[in-house]
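J.:
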Amino acid sequence: MLAEIIGAVGYSMQMPSFYSLLAEATKRERRELEIGLIESSWNIFYGAASIASGMVVMTFGFSLIFSLASFLHFTSSIIVGRKMK
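So the sequence shown is numbered by our numbering: it starts at 1392 and just counts up by one.
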């Protein structure tokens, strides 16, 4: 339960900043389309990631999936950090 609470707090801080950066990076005319594409692609890739992670856990165990997720989160934070003004 504590992990879910911490994750929810982190997610609630992440999304407003994400949409703020997205609003700055897109043209006003295309903003709705960009947000729609991002929202729909998240749902598709969350589903695909659930299937893929289930297969990885069944084959290699939980340690690989947690290591992979940590690496991807760290890498994305570096990329986003470099893109910010």
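All C-beta atoms in this analysis are idealised placements derived from N, C-alpha and C, irrespective of residue type, glycine included.
For the candidate residues 1413, 1441 and 1440, whose alpha-carbon lies nearest to that of residue 1428?
T.: Answer by Cα proximity: 1413.
J.: Can you give me the start and stop residues for the alpha helix (DSSP H) that residue 1474 sits inside?
T.: Per DSSP, residue 1474 belongs to the alpha helix (DSSP H) from 1453-1474.
J.: What does the alpha-carbon distance come out to for the pair residue 1402 and residue 1409?
T.: Taking the straight line joining both Cα atoms gives about 10 Å.
J.: Is residue 1456 near residue 1468, with beta carbons less than 9 Å apart?
T.: The answer is no: Cβ separation not under 9 Å.
J.: Residues in the same chain with beta-carbon distance under 6 Å from residue 1417, minus the five sequence neighbours each way, listed in chain order, please.
T.: The residues are 1425.
J.: In chain order, what residues of the same chain lie with their CB nearer than 8 Å to the CB of residue 1451, ignoring the 5 residues before and after it?
T.: No residues qualify anywhere along the chain.
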